[in-house]
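S.K.:
Number of protein chains: 2
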Amino acid sequence: MTNQSDNLDVSGRVPLDRQAMLRAMAAHVLQHGLSDASLRPLAKAAGTSDRMLIYHFGNKEALMAELLGYLANAYSEALDEALPTGRADSRGECLYSIAAATRGPQFAPYLALWWQIVAEASRGNETYRTSAREIMRRLLGWVEDFMPAGEADPAGAAQHVLTLVEGAQMLDAVGCSDIADAALARAITAD
Amino acid sequence: MTNQSDNLDVSGRVPLDRQAMLRAMAAHVLQHGLSDASLRPLAKAAGTSDRMLIYHFGNKEALMAELLGYLANAYSEALDEALPTGRADSRGECLYSIAAATRGPQFAPYLALWWQIVAEASRGNETYRTSAREIMRRLLGWVEDFMPAGEADPAGAAQHVLTLVEGAQMLDAVGCSDIADAALARAITAD
DNA sequence: GCACGAATGTAGCGCTTGCTACAAGTCTTT
DNA sequence: AAAGACTTGTAGCAAGCGCTACATTCGTGC
Chain A
1 MTNQSDNLDV SGRVPLDRQA MLRAMAAHVL QHGLSDASLR PLAKAAGTSD RMLIYHFGNK
61 EALMAELLGY LANAYSEALD EALPTGRADS RGECLYSIAA ATRGPQFAPY LALWWQIVAE
121 ASRGNETYRT SAREIMRRLL GWVEDFMPAG EADPAGAAQH VLTLVEGAQM LDAVGCSDIA
181 DAALARAITA D
Chain B
1 MTNQSDNLDV SGRVPLDRQA MLRAMAAHVL QHGLSDASLR PLAKAAGTSD RMLIYHFGNK
61 EALMAELLGY LANAYSEALD EALPTGRADS RGECLYSIAA ATRGPQFAPY LALWWQIVAE
121 ASRGNETYRT SAREIMRRLL GWVEDFMPAG EADPAGAAQH VLTLVEGAQM LDAVGCSDIA
181 DAALARAITA D
């Protein structure tokens, strides 16, 4: 029952260890997926023991919730870096830029993980659903901010773009990138 | 090493057993997901033993491949039943009808399974990827056939509709149906 | 009627799962 | 220096995993 989540002392040593563990575990999960996210492999990746993971995080569910939050942040930061700044010149360019950025190979590990999160969310797991919804909201906000300045309904347009891009990513995942490409090209010229 | 996949004798008893097993296992997987698709639960659902499943299907991978094929067929048939026949009157109606049909509650079990399949496919599992691609192709064909008669580019329009609908379904899965609804409404009025 | 292969039950192997009991270290506080 | 809290290693539990060895039953062809 003793874990140090409420340890806020000045030394800061314990929170640092926690962060280091989370960083290492996040890297492991990105590479190997949720199905290999059991205590012993995670502990090995973090350079510690399953015993210590339970000690630090309480139980596996709490660990996964925290790890998911960490990964959501990491994903957000990766997006911030990959996505263009400012505003698009047209709706078509907005769609194109965002699709191009998020479908790039550097996001493949995140997307592979993403679909596992969606699968869990779809099965009713509230931890994953909450995390996933938060990521979508954040992404939607980003798309909205990238909408061209003259856009009459930036929120609606962003929702449209997001839905298309996510559909395209799913088609990528199952090897139907041709369909995704055609759909996006059509949507871009239509705008 | 003895299994009867090549047993084509007239009695037909063995293939029947195989079909019955697949039917029962498919129902179980639809209800409980892939994560509960290990040999013992599957065997229990099929009224037999893990020992017999291995005997009949060789190993788990072969079993899952066959089960996935069975489920893809079942999904197709469910779609055939749920989707309207004939042709839509407009692109907007086409999108609306297909979204309404495939987002209905009767497809929730299929969709929960679908995202698990997508997750596996995205991680590089070829069995799942092949199965998923086949389902997408079939669905795309269906959408194309439902396009209004006057449509200049039915194939392209169908790809567009499919991408939007799949994006909407993903947003449903993570509890963002509001975004999906708005995106579809916008796409429908735009058409 | 008997022999042979197909079909099936029982038991178990080696491995991984989340988690715990117990003991021993280390570090801080008094 | 003693005491207590924090931290960690070792060993293990009960359950589940895919799969197999062995023995038995069953139906059919000679």
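In the order they appear, the protein sequences are chains A and B. Just so you know, we're using UniProt numbering here: the first sequence kicks off at 1 and counts up by one. Just so you know, we're using UniProt numbering here: the second sequence kicks off at 1 and counts up by one. Glycine included, C-beta positions come from ideal geometry on N, C-alpha and C.
Going by DSSP in three states, Glu151 (chain A) sits in which element: helix, strand or coil?
M.R.: coil
S.K.: Compute the distance between the beta-carbons of Gly175 (chain B) and Arg18 (chain A), then report whether it is under 9 Å.
M.R.: Judged by beta-carbon spacing, Arg18 (chain A) lies beyond the 9 Å limit of Gly175 (chain B), meaning their Cβ atoms are not closer than that value.
S.K.: Compute the beta-carbon to beta-carbon distance between Leu42 (chain B) and Leu53 (chain B), rounded to the nearest angstrom, for a pair I have assumed lies under 8 Å.
M.R.: 6 Å
S.K.: Going straight from the alpha carbon of Gly104 (chain A) to that of Gly167 (chain B), what length do you get?
M.R.: 18 Å
S.K.: Around the C-beta of Ala149 (chain B), are 16 or more other C-beta atoms found within 10 angstroms, so that it is buried, or is it exposed?
M.R.: exposed
S.K.: Using a 10 Å radius around the Cβ and a threshold of 16 neighbouring Cβ atoms, would you call Tyr55 (chain B) buried or exposed?
M.R.: With fewer than 16 Cβ atoms within 10 Å of its Cβ, Tyr55 (chain B) is classed as exposed.
S.K.: By the 10 Å Cβ neighbour count, where 16 or more other Cβ atoms means buried, how is Gln159 (chain B) classified, buried or exposed?
M.R.: buried
S.K.: So what's Ala46 (chain A) in DSSP terms, helix, strand or just coil?
M.R.: coil
S.K.: Measure the C-alpha to C-alpha separation of Met136 (chain A) and Ser76 (chain A) and round it to an integer number of angstroms.
M.R.: Distance between the alpha carbons of Met136 (chain A) and Ser76 (chain A): 10 Å.
S.K.: Going by Cα to Cα distance, which pick from B:Ala180, B:Asp172, B:Asp50 and B:Gly69 is closest to Gly124 (chain A)?
M.R.: That would be B:Asp172, whose Cα lies nearest to the Cα of Gly124 (chain A).
S.K.: Under 9 Å, do Ala101 (chain B) and Ala82 (chain B) count as touching if we go by C-beta distance?
M.R.: Closer than 9 Å, so yes.
S.K.: Any C-beta of chain A within less than 7 Å: which residues of the stretch 118 to 135 of chain B qualify?
M.R.: Val118, Ala119, Ala121, Ser122, Arg123, Arg129, Ala132 and Arg133
S.K.: To the nearest angstrom, report how far apart residue 192 (chain A) and Glu126 (chain A) are at their CA atoms.
M.R.: Only positions 1 to 191 of chain A appear in the structure, and residue 192 (chain A) is not among them; the question remains open.
S.K.: For Trp142 (chain B), go through chain A and note every residue whose CB falls closer than 9 Å to its CB, in chain order.
M.R.: Those do not exist, as Trp142 (chain B) stays about 13 Å from chain A at its closest Cβ, beyond 9 Å.
S.K.: Run down chain B in chain order and give the residues with a C-beta less than 8 Å from the C-beta of Leu111 (chain A).
M.R.: Ser122, listed in chain order.
S.K.: Give a yes or no on contact between the stretch 84 to 102 of chain A and the stretch 34 to 50 of chain A, applying the rule of three or more CB pairs nearer than 8 Å.
M.R.: The stretch 84 to 102 of chain A, when compared against the stretch 34 to 50 of chain A, does not touch it at the 8 Å Cβ threshold.
S.K.: Tell me, please, whether the CB atom of Val29 (chain A) is closer than 9 Å to any CB atom in chain B?
M.R.: no
S.K.: Ordered along the chain, which non-local residues of its own chain (more than five positions away) have a Cβ less than 8 Å from that of Leu140 (chain B)?
M.R.: Ala158, Gln159 and Leu162
S.K.: Give the list of continuous alpha helix (DSSP H) stretches no shorter than 4 residues that lie fully inside the stretch 31 to 102 of chain A.
M.R.: 39 to 45, 50 to 57, 60 to 82 and 91 to 102
S.K.: Using 9 Å as the threshold, is the C-beta distance between Ser131 (chain B) and Gly58 (chain B) below it?
M.R.: no
S.K.: DSSP three-state call for Gly141 (chain A): helix, strand or coil?
M.R.: helix
S.K.: Just the chain B side, please: which residues come within less than 8 Å of Ile179 (chain A) by C-beta, in chain order?
M.R.: Met136, Leu140, Gln159, Leu162 and Thr163
S.K.: State yes or no: is the C-beta of residue 192 (chain B) within less than 9 Å of the C-beta of Gln169 (chain B)?
M.R.: No answer is possible for residue 192 (chain B): the residues shown for chain B start at 1 and end at 191.
S.K.: Do we get a CB-CB distance below 9 Å when we pair Cys176 (chain B) with the residues of chain A?
M.R.: When Cβ-Cβ separations below 9 Å define contact, Cys176 (chain B) makes contact with chain A.
S.K.: Report all residues from its chain with a CB closer than 7 Å to the CB of Glu151 (chain B); omit the five preceding and five following residues, and keep chain order.
M.R.: Arg91 and Ala157
S.K.: Taking the alpha helix (DSSP H) that Val118 (chain B) falls in, what are its first and last residues?
M.R.: Ala108 to Ser122
S.K.: Say whether chain A places a C-beta atom closer than 9 Å to the C-beta of Gln19 (chain B).
M.R.: no
S.K.: Would you mind telling me which residues of chain B sit closer than 9 Å to Glu77 (chain A), beta carbon to beta carbon, in chain order?
M.R.: Correct list: empty, because the minimum Cβ distance to chain B is about 20 Å.
S.K.: Using the C-alpha atoms, what's the distance from Leu95 (chain A) back to Ala183 (chain A)?
M.R.: Rounded to the nearest whole angstrom, the C-alpha separation of Ala183 (chain A) and Leu95 (chain A) is 11 Å.
S.K.: Can you list, in chain order, the residues of its chain with a C-beta nearer than 6 Å to that of Leu39 (chain A)? Leave out the 5 residues immediately preceding and following it.
M.R.: Asp50 and Leu53
S.K.: Considering Cα atoms alone, identify which of A:Ala187, A:Arg186, A:Met25 and A:Pro154 is closest to Ala74 (chain A).
M.R.: For Ala74 (chain A), the closest alpha carbon among the candidates A:Ala187, A:Arg186, A:Met25 and A:Pro154 is that of A:Met25.
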